[in-house]
Amino acid sequence: MNASITYQVQDGVALIGLDRAPVNALGQALRAAILHACEQANDDPAVRAMVLYGANGLFSAGADITEFGSPASSAAPDLPGLLQRLTRLDKPLVAALGKLALGGGLELALACGYRIGEPQLRVGLPEINLGLLPGAGGTQRLPRLIGAEAALGIILGGTPVSADRALELGILDRLADSAATLLYSAHAFARELIACAAAARPPAPFAEPARDLPAGFFERYRAEHEPRWKSRQAPRLAFSAVQAACRLPLEQGLLREVELFRQAEASLQSEALRHVFFAEREAGKVPGITASITPRPVHKVAVIGAGTMGGGIAMNFLDAGIPVTLLERQGEALDRGMAQVRANYARSVKRGKLDDVQLEQRMALLEGTLDYQDLADADLVIEAVFEKLDIKQEVFRALDRVCKPGAILATNTSSLDVDQIAAVTARPQDVIGLHFFSPANVMRLLEVVNARETAPDVLATTLRLSRTIGKLAVVCGVCFGFIGNRMLEPYAREAHRLVLEGAMPAQVDSVLTGLDLNMGVFSMLDLAGIDVNFMVRDANRAAIDHDPSYCRLGDELYSLGQFGQKTGKGFYRYEGRERHEDYEVVALAERLAGELHVQRRPIDDQEIHDRCLFMLINEGIQLLDEGIALRASDIDLVWINGYGFPAHLGGPMHYAERLGLHKVLAGIRHYREALGDHGEMWFTPAPLLERLVAAGLTRIQRI
40 MNASITYQVQ
50 DGVALIGLDR
60 APVNALGQAL
70 RAAILHACEQ
80 ANDDPAVRAM
90 VLYGANGLFS
100 AGADITEFGS
110 PASSAAPDLP
120 GLLQRLTRLD
130 KPLVAALGKL
140 ALGGGLELAL
150 ACGYRIGEPQ
160 LRVGLPEINL
170 GLLPGAGGTQ
180 RLPRLIGAEA
190 ALGIILGGTP
200 VSADRALELG
210 ILDRLADSAA
220 TLLYSAHAFA
230 RELIACAAAA
240 RPPAPFAEPA
250 RDLPAGFFER
260 YRAEHEPRWK
270 SRQAPRLAFS
280 AVQAACRLPL
290 EQGLLREVEL
300 FRQAEASLQS
310 EALRHVFFAE
320 REAGKVPGIT
330 ASITPRPVHK
340 VAVIGAGTMG
350 GGIAMNFLDA
360 GIPVTLLERQ
370 GEALDRGMAQ
380 VRANYARSVK
390 RGKLDDVQLE
400 QRMALLEGTL
410 DYQDLADADL
420 VIEAVFEKLD
430 IKQEVFRALD
440 RVCKPGAILA
450 TNTSSLDVDQ
460 IAAVTARPQD
470 VIGLHFFSPA
480 NVMRLLEVVN
490 ARETAPDVLA
500 TTLRLSRTIG
510 KLAVVCGVCF
520 GFIGNRMLEP
530 YAREAHRLVL
540 EGAMPAQVDS
550 VLTGLDLNMG
560 VFSMLDLAGI
570 DVNFMVRDAN
580 RAAIDHDPSY
590 CRLGDELYSL
600 GQFGQKTGKG
610 FYRYEGRERH
620 EDYEVVALAE
630 RLAGELHVQR
640 RPIDDQEIHD
650 RCLFMLINEG
660 IQLLDEGIAL
670 RASDIDLVWI
680 NGYGFPAHLG
690 GPMHYAERLG
700 LHKVLAGIRH
710 YREALGDHGE
720 MWFTPAPLLE
730 RLVAAGLTRI
740 QRI
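Per this note's numbering, the very first residue in the sequence shown carries number 40; after that it's consecutive.
Set out below in structure tokens:
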């Protein structure tokens with residue numbers, strides 16, 4: 040038998056184990072081995088039923104993504120052909136699903152006549168997250184198994200469901216008592232099928248998937264969900280495939296699914312999303328950080344500052360079962376912070392994400408204190424106080440006095456010099472930057488700032504811990520703003536300047552959201568707080584003081600106390616969270632333009648796009664050249680997960696490659712000439728960009 044498969048026969052049941060570590064990805068070799076084993080069992084008179092299972096516990100995490108777009112994906116047997124053959128076997132085939140059955144793994148299970156799972160199993164069709172749709176029968180067999188409406192939720196949601204939910208929907212026929220008894224239970228299930236002479240494949244529960252749907256269902260469904268799809272193609276293609284399942288016989292529906300899958304696979308959006316998929320796996324590869332480094336133990340965490348950020352940071356560790364001590368200077372602030380954490384969990388209970396017992400378990404892990412001495416036994420301390428260097432240095436002096444040797448001291452600064460913070464301690468090797476994004480208990484991104492003297496085991500520990508708390512860690516070096524906020528500066532600078540020159544804030548935001556960014560610059564600043572953005576800018580004042588127009592509109596709004604949503608006025612006027620254009624802001628921009636001698640004129644959308652995004656891209660390329668970012672794809676991850684750049688564009692670096700690096704460079708040079716003093720001051724192409732274009736290279740990389 041092939042090395043990818045284990046095979047044995049017990050009591051007339053062929054037990055066929057998928058054995059392709061680590062996740063039984065359904066590449067050509069495993070597909071061929073499955074086909075060979077099933078054909079062998081089908082032809083063996085001693086075999087009366089078959090069980091397909093994961094030899095190492097996990098069933099299958101899906102297709103081999105490295106094959107997409109290559110000849111290997113269609114090498115015989117291709118996945119659709121394999122599964123079609125499995126549906127035509129003469130004997131019952133039971134899929135025993137352990138741990139994961141995702142994408143092609145679930146499609147493999149759907150091609151089996153019967154399915155049994157274990158309690159911790161998760162099943163799903165996450166192809167939508169790669170800009171694809173299920174291409175091996177998922178859009179056709181799942182609606183026939185559980186109905187079209189439920190199938191749309193699984194396929195378009197892209198999020199795995201639990202074993203209990205899969206049983207409730209009808210994806211599973213049975214649930215084993217435990218993972219340990221799954222194969223035993225699957226074997227017993229197969230023996231029952233033999234005993235009752237069950238059909239190799241039972242009739243589909245929803246032979247007509249749209250049978251119970253009301254008239255006009257698909258039209259209403261599309262109208263309700265399409266606004267959330269924005270310009271993404273994959274949801275529309277997947278929706279069409281499920282419609283085909285309701286309108287065409289199975290054989291024709293499968294052919295239509297393949298057509299739609301190939302259309303998605305060839306799209307720029309899917310290429311971008313696959314780039315993001317691999318970028319996330321590359322991000323964890325840090326030079327010098329190897330498996331031989333022993334991470335430090337982290338059994339207890341302390342957080343300095345019980346505000347929104349500090350409380351959110353604490354929740355990450357509480358969710359992972361790690362005790363947290365929350366420190367504040369004043370009892371009232373501490374009480375407020377503790378109450379806010381409880382309120383956040385209470386909202387999760389109300390939404391059905393937690394139950395009351397889980398809420399109390401988490402709160403039992405949280406204790407508050409006003410005394411630094413209570414942090415003496417913490418393994419990791421994260422400072423989350425006001426964004427001022429002298430305040431943070433004062434905190435680190437105190438931590439240096441009370442924390443035990445070997446404790447990791449982390450700062451949550453979003454822009455300040457971590458080396459200067461570390462320098463006030465006698466243990467700079469234990470200091471690192473951990474920049475959480477707000478809300479910290481929700482946002483997935485964690486910028487890990489590797490300071491000049493940070494010890495390798497400190498970096499290794501924080502990377503391991505980031506996985507424990509469900510964060511995507513991106514490592515960067517020390518500079519003002521790190522990756523994300525340093526790139527935000529020129530992006531926001533051009534947005535501000537465009538409004539001085541004659542654009543409306545809503546026009547600027549509309550161009551950016553038209554690209555599917557979650558928010559435009561000005562709505563983002565209003566949400567984050569104009570005061571917060573001012574403080575970050577003010578900390579870097581020496582680098583921008585030579586330009587009196589630099590974000591001047593934001594500075595004026597700050598001086599007027601108009602901080603955005605929280606004050607009801609910022610770049611927009613707010614009624615609750617409803618945003619309205621504010622013509623007082625336009626008048627303010629006109630006045631400032633006059634004082635600064637900035638000529639106002641009509642601004643077209645293309646200029647807004649190019650000036651904001653080319654400056655964003657240019658700064659990212661400069662960060663890569665300086666070694667602040669390890670790779671271009673890390674920059675993409677920061678902006679997708681921290682700033683709402685659309686994943687289906689692949690992030691700003693991937694987007695630049697799609698536009699053409701020569702076009703980006705030509706645009707920067709054009710505006711350097713066209714914008715006079717402002718262009719001369721700010722539109723300097725990154726030397727790396729110039730080198731890449733001169734060398735005829737199309738990918739952003741260090742050379």
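We put the CB at the ideal spot given by N, CA and C, even for glycine.
Taking one beta carbon from each stretch, the stretch 651 to 664 and the stretch 520 to 529 have 3 or more pairs nearer than 8 Å; the two touch.
Taking 8 Å as the cut-off, the Cβ atoms of Val463 and Pro544 do not count as close. Taken through DSSP and simplified to helix, strand or coil, Leu566 comes out as helix.
In this structure, DSSP gives Arg161 an extended state, which the three-state scheme calls strand. Contiguous alpha helix (DSSP H) elements confined to the stretch 408 to 465 occur at 428 to 441 and 457 to 461, taking only those with 4 or more residues.
Here the alpha carbon of Leu141 sits roughly 21 Å from the alpha carbon of Ala686. Cβ atoms of Ala148 and Leu136 come within 8 Å of each other, at about 6 Å. Secondary structure at Thr364: strand, using DSSP grouped into helix, strand and coil. If only complete runs of 4 or more residues are kept, the stretch 594 to 645 shows the alpha helix (DSSP H) at 622 to 635, in order along the chain. Excluding sequence positions up to five before and after Pro241, its CB lies within less than 7 Å of the CB of Gly152, all in the same chain and listed in chain order. Here DSSP, grouped into helix, strand and coil, assigns Leu736 to coil. The stretch 370 to 380 makes contact with the stretch 336 to 348; the number of CB pairs closer than 8 Å reaches 3 or more. Per the coordinates, the alpha-carbon of Gly689 lies some 27 Å from the alpha-carbon of Thr452. Non-local C-beta neighbours of Phe107 in its own chain, meaning closer than 7 Å and more than five positions away in sequence, comprise Glu304 and Arg313, ordered along the chain. Counting only residues of its own chain and dropping the five nearest sequence neighbours on each side, Glu406 has a CB closer than 6 Å to the CB of Thr364. Here Leu184 is not near Phe300, since their CB atoms are 8 Å or more apart. Tyr622 counts as exposed, since fewer than 16 other beta carbons sit within 10 angstroms of its beta carbon.
Per DSSP, reduced to three states, the secondary structure at Gln47 is strand. In the DSSP assignment, Ala668 falls outside any beta strand (DSSP E) and carries neither an H nor an E. Comparing alpha carbon positions, the residue from Phe521, Ile460 and Ile447 closest to Phe476 is Phe521. Thr606 and Leu599 have their C-alpha atoms spaced approximately 11 Å apart. Judged by their CB atoms, Ile508 and Phe356 are nearer to each other than the 8 Å cut-off. DSSP places Arg506 inside the alpha helix (DSSP H), whose first and last residues are Pro495 to Thr507.
By the Cβ neighbour-count rule, Ser672 is buried, with 16 or more other Cβ atoms within 10 Å of its own. Within the stretch 140 to 205, the complete beta strand (DSSP E) segments of 3 residues or longer fall at 153 to 156 and 161 to 163, listed in chain order. For secondary structure counted as the alpha helix (DSSP H) over 4 or more consecutive residues, the stretch 284 to 308 holds these complete runs in sequence order: 289 to 304. With a contact defined as Cβ atoms closer than 8 Å, Tyr589 and Phe573 miss out at about 12 Å. Between Tyr710 and Gly718, the alpha-carbon positions lie close to 6 Å from each other.
For Cys515, the uninterrupted beta strand (DSSP E) segment begins and ends at Leu511 to Cys515. Nearest Cα to Ile332 within the set Phe602, Leu502, Leu181 and Leu655: Leu502. Assigned with DSSP and collapsed to three states, Ile471 falls in strand. Under the DSSP definition of a beta bridge, Ile55 partners with Tyr46 and Leu91.
The beta carbon of Asp496 sits closer than 8 Å to those of Ile332, Thr333, Pro334 and Arg335, all from its chain and outside the five residues before and after it, given in chain order.
Annotation: Val424 to Asp548 spans about 31 Å, alpha carbon to alpha carbon.
Cβ contact annotation for Gly143 (same chain, cutoff 6 Å, sequence separation greater than five): Leu65, Gly101, Ala102, Leu118 and Ala175, in chain order. Our two residues, Ala150 and Val86, have alpha carbons roughly 19 Å apart in a direct line.
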